[in-house]
Every structure is written in structure tokens, then in C-alpha cells.
Amino acid sequence: MVNNLQVPSHWIEIKGLKIHFKCLGEGPPVILLHGGGNDWREWRKNLIPLAQGLRIYAPDLPGFGLSDPPLMPVSPSWFSSFLKDFMEAVGVKEAHIIGHSLGGTLAIALALDFPQKVKKVVLIDSAGLGPISGKGRLFLFLLGGLKKVLGKENKPKFKPRSAKEWLLADRLAELRAKVMIVWGENDPYLPTSQAELAHQLIPDSELRIFPRCRHAPHRERSNEFNHLVYQFLTQ
Numbered sequence: 054m055v056n057n058l059q060v061p062s063h064w065i066e067i068k069g070l071k072i073h074f075k076c077l078g079e080g081p082p083v084i085l086l087h088g089g090g091n092d093w094r095e096w097r098k099n100l101i102p103l104a105q106g107l108r109i110y111a112p113d114l115p116g117f118g119l120s121d122p123p124l125m126p127v128s129p130s131w132f133s134s135f136l137k138d139f140m141e142a143v144g145v146k147e148a149h150i151i152g153h154s155l156g157g158t159l160a161i162a163l164a165l166d167f168p169q170k171v172k173k174v175v176l177i178d179s180a181g182l183g184p185i186s187g188k189g190r191l192f193l194f195l196l197g198g199l200k201k202v203l204g205k206e207n208k209p210k211f212k213p214r215s216a217k218e219w220l221l222a223d224r225l226a227e228l229r230a231k232v233m234i235v236w237g238e239n240d241p242y243l244p245t246s247q248a249e250l251a252h253q254l255i256p257d258s259e260l261r262i263f264p265r266c267r268h269a270p271h272r273e274r275s276n277e278f279n280h281l282v283y284q285f286l287t288q
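Residue numbering for the sequence shown follows the numbering used here, starting at 54 and increasing by one per position.
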């Protein structure tokens, strides 16, 4: 596990926002996209193992961690444009993308909107793959972390009906990148049925269910996850 002192901080301006990110390792670039309510520290158990032969970028997404929040309501397409700009700003032409939960939605959006920028994708218990159920539980889970992103001024504009644009299952068949879907068998938020459906819809995909895991296999079973994903990205 790493701490703040072991990985230097970097700052860059994207879309007028001051963005904080961590970077380490040498090799093919990999961008890690954390889930809602988290920041780069979500990847503390993964950074050093994955950086043995890969160059890892772990940004605090806009509105999370030390990064500035957007000045307007956001959408998956806004984030995909942001990620494209981030890649260009740090000199990365194309990269592997690893996204957890909300970050998985953003990884999908980037791969759909800018396929030339994305090599392989790893989706970890990704949001955005299934319909809203119950009283909008998925909506609250997927977008609850974005309250901080939207800020007080934008919160009134953000209503449950806007959740539809964050559900990308209908476009999964358009993905051209090779995708690994990693899921916790006992995820209390997103059932494995969503992972299985995504596996069926994504043309070039493989599915790995982690037994006895909940919503974060990359943290709960980090050694196994790191080995599996490193092999997938480097083979």
C-alpha cells in the first residue's frame, strides 16, 4: 500500500479546472478512474503493483479529492471530453482505462466517444449497466457521489429523470475495445446479473466474478486483482 509521501502529486489545468493526479511507473499508460465519493487513494493497494511495467495515472476526478469541481452540470459526455483533454495534456495518445463504479461509467463513455484513445478497459463493479430499480436506488448510488461535483448551485438542476443519460447498457454493443469485467459476487449495490448482461453485450469481453467480495474487489482481494489485471493489460 502507498501513502501520500510515496507518490508525488501533480497538477494540471483542464477545462479551466485545477486537477490533481498521481503518476508513477514506466511503460504503456493506464488511467485509473475512481468511484463516486472517492479519490486517487482508492487505488493505494493497486498503484505500485500495476506500475511494475506500466505508467499509471490516477487523477482526482473533477469535484473529488483535491480537484476543482465543474462549473456546470455534468454528463458522461462531459467527462469523456474531460478525460480526452486530460490525456492530451499529459502527453498520452492512447491508454488502458480502469474504472470502478462511477469510474466504470466514465470509462465506457470515453471508449464510446473517443475509441481511438482507448486500448483495453477494465470495469470494476461498474455503474451505468442496469436499469433503475426500486425507488431510484441505483440512481442515488450512481449519482449520489456527484452532489459534490455539481455543487450547491447545480443541485436543483439534477433530478432523477436525468439518470437516463448515465445508463449506458444500450450502447455496450458499440464498444470496440477489449474489456475485462471484474465483479464482486456479493455486491450489495449492483447485482452480478448486470455484469453478466454486459459480458453478453460487449463484443470482446471477459468476465471475472470474485467470490466473497462486495463492491470493491480491487481493494478486498487486491493481490489477486492486481495479478489478473496486470496480465490482461500486458498480454
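All C-beta atoms in this analysis are idealised placements derived from N, C-alpha and C, irrespective of residue type, glycine included.
Legend entry - Beta-carbon gap between P264 and V235 smaller than 8 angstroms: Their beta carbons are not under 8 angstroms apart, which means P264 does not touch V235 by this criterion.
Legend entry - The beta strand (DSSP E) enclosing S258, as first and last residue numbers: S258 to F263
Inset, instruction - Only counting runs of 4 or more residues, tell me where the alpha helix (DSSP H) segments fall wholly within the stretch 121 to 180, in order along the chain. - result: The stretch 121 to 180 contains these whole alpha helix (DSSP H) runs: 129 to 142 and 155 to 166.
Legend entry - As assigned by DSSP and simplified to three states, the class of V60: coil
Inset, instruction - Check whether the stretch 130 to 150 touches the stretch 107 to 119, counting contact only when three or more Cβ pairs, one atom from each stretch, lie closer than 8 angstroms. - result: yes
Inset, instruction - Measure the C-alpha to C-alpha separation of E273 and G237 and round it to an integer number of angstroms. - result: 9 angstroms
Legend entry - Whole-angstrom C-beta distance between V83 and L225, which should lie under 8 angstroms: No, L225 and V83 are not in contact; Cβ-Cβ is about 22 angstroms, not under 8 angstroms.
Legend entry - CA-to-CA distance, G118 to I177, given in whole angstroms: 20 angstroms
Inset, instruction - Helix, strand or coil for K210, going by three-state DSSP, please let me know. - result: Confidence at K210 is low in this model, with a pLDDT of 29, below 50, so the placement of that residue is unreliable and no value is reported for it.
Legend entry - Alpha-carbon spacing of P209 relative to S130, whole angstroms: Reliability fails at P209, whose pLDDT of 31 lies under 50, so the model's placement of it is uncertain and no value is given.
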